[in-house]
């Protein structure tokens, strides 16, 4: 990175160095500050600057020399430090900069923190991403730099085995005791032993493990590309050779399209090895949609490359977060595995980005700054001249369309690895096979056909996965006396019953309460009824029908973190569980060799709600879930319970005809001008004052620019019109693909001043329409 040290030759008056700084605050533009004598700066350096009466952190994005005289204070206000920071002239004109500076004296940079500078590629990528998402650059960069807000760790605590024998022994406890020969951190020990952290802390309370200080070690293990090369079958080897050819091109977007169980992971692991082997300075990023999936892939990466791999997701500690951030910025960390936010780490130069399960909606950020990691990853790969591999058995329509049109290279794996074959698929028409009532005349949810298949599977000592993408016991609780539906306070969202904890929970806001005994609306006692099934309710039915079977729920409630997910996965692999009742947490990426039957409890669930991607998401999720069956030598079967057997999604799944579904879905989207054949942006307005919100949204509608190829719908009440006491309105912008959607939105919003009491969210290419 070039630092400014040159002598001035063109004018003796050009003596003062100024820095353009993006302050980590919601400020629309970069601000200019004077650089104190003796402070050496470059783009990407961290600084502390004055902003009003506050001291804030910022990031230098550029440097310029201007006449020294313009920084002299010229009036009493300036002498009292009441002058405002001068905003950068958007034209970039040096003359305009100097002219404006005379009127607005510059404040000096206060200090330069001792943090690794942001590499130029990452800085430019962050600024581009802020513009793409229509986000103030300071707001976007603040999220990228959050890891630096915690101090560097010097000492951390861990556990080591003692001579004390445990009061009782289980398989999980035995694994911990065998693993804890050397001191290890809590999370590391739990992951290595495949148990929850509670097992470790329980042994510590009994004195079986001793808590000790771990030495600080800032060494970063380096992956060895030649440690344990995979033995690829002929189709995998052919795919790998094609990827190697693409890698040589520099920027290369690739769709790695393989059926479930075809061995896509082994193929891209060898491409990772190619990058690490041939380019000693390049970094590699593997993006994954689920924390539970992260642990499975981490194990395979460490087995392949013989070293611990840096991981980045919500559950890692602050100290590890800072250590990884700094290691990435300095180039010491070469291989990162993580969730979508791992894309925003300060890489020096990426040689390869892998987006596993690229179709997954988890790559869309729905809180804070709205972005899609897949779309941003393609641009980052273009900046760095890297290959980006999008791997999936059910590609997104966007990625598939790009492959069909030749924009992406398309590599296919059409057969499962080894002797495994795709599962037999069948539909159960619930209009003809409605479940029987239970012994207490209660509603049941499993049809006689599915129950019979479960029984036969258990007789063969094989495992069953029952899939229902709905947490808790029931999605709705209402009073049978007055019809009152229990909802979250100040929110248009029903409370979900979690019977295992005795609580009613809002999955939107996180609010929870004990289930009351009397109706708060009419006062009736014990009048609540639970409407609809969740995974806990299916567990209850399974335990009633198959009391001898070992059944458990796999969801974000039962496996909320990496360690508990790893422990549950280990128990399924060891066949300690016969029937798994699961949400999407277990529906993708996992390989359970003895699992041969998948039952979809409610295949129609995802088709409800009016979302333009509802059919696509349902097809992808059910294809992934049914793909858990028969992934080893034993053949598999999948049965889908549906009230809509003629729906295109159900027909495509039953006949395993993916092309028919994508053709139908693509034609529908193209006729409507929706993605990937058009572009969308959502504007969400929120305020506590409903009248103010109504008035401003109507005023904003009056300023909609008249632009060919762009249509604006709204304002309209959001389907969730009230959330956390905030009223919500929505606009939807639809644009032809060749239109500048972000430019249109910026031009529109600049035409009217928004009251401070109204919050605005811009969502480019929205996935949620609530």
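In my numbering, the protein residues as written are 229 to 998. Using N, Cα and C, we set each Cβ at its ideal position, and we do this for glycine too.
For residue 566, name the three-state secondary structure that DSSP assigns. strand
Could you please give the first and the last residue of the uninterrupted alpha helix (DSSP H) stretch that includes residue 553? 546-558
Let's test the definition: count the other Cβ atoms within 10 Å of the Cβ of residue 397 and tell me whether it reaches 16, buried, or not, exposed. exposed
Could you give the DSSP three-state label for residue 860: helix, strand or coil? coil
Per-residue burial, residue 980 [other beta carbons within 10 Å of its own, 16 or more giving buried]: exposed
How would you call residue 974, buried or exposed, if buried means at least 16 neighbouring beta carbons within 10 angstroms? exposed
With a threshold of 8 angstroms (Cβ to nearest heavy atom), would residue 791 be considered close to the ligand HEM? The ligand HEM is not part of this structure, which contains no ligands at all.
Per DSSP, what are the beta-bridge partners of residue 493 in this structure? Paired residue(s): none; residue 493 is not in a bridge.
Helix, strand or coil: how does DSSP classify residue 622 here? coil
Can you confirm whether the stretch 660-680 touches the stretch 804-811 when touching is taken to mean that 3 or more C-beta pairs between the two stretches lie within less than 8 angstroms? no
How is residue 427 classed by DSSP in three states: helix, strand or coil? helix
Among 345, 540, 295 and 978, nearest to residue 931 - alpha-carbon criterion: 978
Of all the alpha helix (DSSP H) runs that stay within the bounds of the stretch 766-837, which reach a length of 4 or more residues? 790-801
Over what stretch of residues does the beta strand (DSSP E) that includes residue 954 continue unbroken? 954-964
Residue 749 by DSSP, collapsed to three states: which one? coil
Determine, using beta carbons only, whether residue 250 and residue 280 come nearer to each other than 9 angstroms. no
Rounded C-alpha distance that separates residue 850 from residue 871: 15 angstroms
For residue 638 and residue 745, what's the separation of their Cα atoms in angstroms? 58 angstroms
Endpoints, the alpha helix (DSSP H) within which residue 851 is located: 842-854
Beta-carbon separation (whole angstroms), residue 507 vs residue 579, contact threshold 8 angstroms: 5 angstroms
Got a sec, what are the start and stop residues for the beta strand (DSSP E) residue 284 sits in? 282-295
Which class does residue 695 belong to by DSSP, given the choice of helix, strand or coil? strand
To the nearest angstrom, report how far apart residue 617 and residue 875 are at their CA atoms. 32 angstroms
Around the Cβ of residue 599, are there at least 16 other Cβ atoms within 10 angstroms (buried) or fewer (exposed)? buried
Whole-angstrom distance between residue 914 and residue 985, CA atom to CA atom: 9 angstroms
For residue 366, count neighbouring C-beta atoms within 10 Å of its own C-beta (all shown protein chains included) and say buried if the count is 16 or more, exposed if not. buried
Beta-bridge pairing of residue 262 - partner residues as DSSP gives them: 246 and 336
Do the stretch 772-782 and the stretch 402-421 make contact, defined as three or more Cβ pairs closer than 8 angstroms? no
How is residue 876 classed by DSSP in three states: helix, strand or coil? helix
Taking DSSP as the reference, what is the three-state secondary structure of residue 648? coil
Alpha-carbon spacing of residue 968 relative to residue 983, whole angstroms: 26 angstroms
Would you tell me roughly how many angstroms separate the C-alpha atoms of residue 354 and residue 369, rounded to the nearest one? 7 angstroms
Which whole-angstrom value is the C-beta distance of residue 512 and residue 563, which I expect to be below 8 angstroms? 5 angstroms
According to DSSP, is residue 999 helix, strand or coil? Examination of residue 999 is not possible in this model, given that the chain is present from 229 through 998 alone.
Go through its chain and collect everything with a Cβ distance to residue 832's Cβ below 7 angstroms, but skip five positions before and after it. 870, 871 and 872
Residue 393 versus residue 860 - alpha carbon distance: 39 angstroms
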